[in-house]
Amino acid sequence: MTALLKHAKLHRTVWRIARVTAALLFSVAGAFKLAGAESMVGLFAMIGWGQWFRFVTGGLELLGAALLLRRRTAIAGAVLLAFVAAGATMTHLTLIGGSPVPAILLLALTIGIAAAPLRSANRWFVGKD
Numbered sequence: 001m002t003a004l005l006k007h008a009k010l011h012r013t014v015w016r017i018a019r020v021t022a023a024l025l026f027s028v029a030g031a032f033k034l035a036g037a038e039s040m041v042g043l044f045a046m047i048g049w050g051q052w053f054r055f056v057t058g059g060l061e062l063l064g065a066a067l068l069l070r071r072r073t074a075i076a077g078a079v080l081l082a083f084v085a086a087g088a089t090m091t092h093l094t095l096i097g098g099s100p101v102p103a104i105l106l107l108a109l110t111i112g113i114a115a116a117p118l119r120s121a122n123r124w125f126v127g128k129d
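Counting from 1, position 96 in the sequence shown corresponds to residue 96 in full-length UniProt numbering; the numbering is continuous, with no gaps.
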């Protein structure tokens, strides 16, 4: 196996692991929001936008997680979840306090998932290995 093929296989494996990890994390977070976990109800009450926003956020997290699991829809799911994570980061920084680090890490992970296939396609298109 050539070095280029080994690199491509490793790239696909890492991308798949990142997608599944992000999907699990966002699925759990979305399920807690939709199930009405006491901590989530209190958190969204503190934000002050009403409980409808908890349902929207939880639904978007579950939708994005589902999109991440299919290779054809993974970029769309990652972009959607990057916006959710960016909103969570801003909410932590401006409204609820606490550490924004988990939201920032999820933002970085989803941006990486969205950008990885684009980077591979660009390398192939330009002809670099």
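No residue lacks a Cβ here, since even glycine has one placed at the ideal position from N, Cα and C.
Can you check which of these residues, the options, is closest to residue i by C-alpha distance?
{"i": "V20", "options": "M46, H7 and L67", "result": "L67"}
{"i": "P92", "options": "G58, L60 and I104", "result": "Just to set this straight, residue 92 is His in the shown sequence, not Pro. Of the candidates G58, L60 and I104, the one whose C-alpha sits nearest the C-alpha of H92 is I104."}
{"i": "V84", "options": "R16, I111, M46 and A3", "result": "I111"}
{"i": "R71", "options": "Q51, I113, G87 and E38", "result": "I113"}
{"i": "T89", "options": "G42, Q51 and P102", "result": "P102"}
{"i": "P75", "options": "T2, A8, H7 and A18", "result": "First, the residue type needs correcting, since residue 75 is Ile and not Pro in the sequence shown. It is A18 whose Cα lies nearest to the Cα of I75."}
{"i": "G77", "options": "A8, T13 and L109", "result": "L109"}
{"i": "S27", "options": "P100, L118 and L69", "result": "L69"}
{"i": "L118", "options": "E38, A37, A3 and R12", "result": "R12"}
Is the distance from the Cβ of residue i to the Cβ of residue j below 9 Å?
{"i": "F53", "j": "F44", "result": "yes"}
{"i": "residue 138", "j": "I47", "result": "As shown, the chain starts at 1 and ends at 129. That puts residue 138 outside it, with no answer to give."}
{"i": "T57", "j": "G98", "result": "no"}
Our contact map puts residue i next to residue j with C-beta atoms below 8 Å; I'd like the distance itself, whole angstroms only.
{"i": "L60", "j": "L80", "result": "6 Å"}
{"i": "A116", "j": "W49", "result": "Actually they do not touch by this definition, with Cβ atoms about 33 Å apart."}
Mind checking whether the beta-carbon of residue i lies closer than 8 Å to any heavy atom of the ligand MN?
{"i": "S39", "result": "Ligands are entirely absent from the displayed structure, and the ligand MN is therefore not among its contents."}
What are the complete alpha helix (DSSP H) segments, minimum 4 residues, inside the segment 48 to 109?
For the segment 48 to 109, the continuous alpha helix (DSSP H) assignments of 4+ residues that do not extend past its boundaries occur at 52 to 68 and 74 to 91, in sequence order.
Stretch-stretch touch, CB-based, cutoff 8 Å, three pairs: the segment 13 to 27 with the segment 58 to 77:
The count of Cβ pairs closer than 8 Å, one atom from the segment 13 to 27 and one from the segment 58 to 77, reaches three, so the stretches are in contact.
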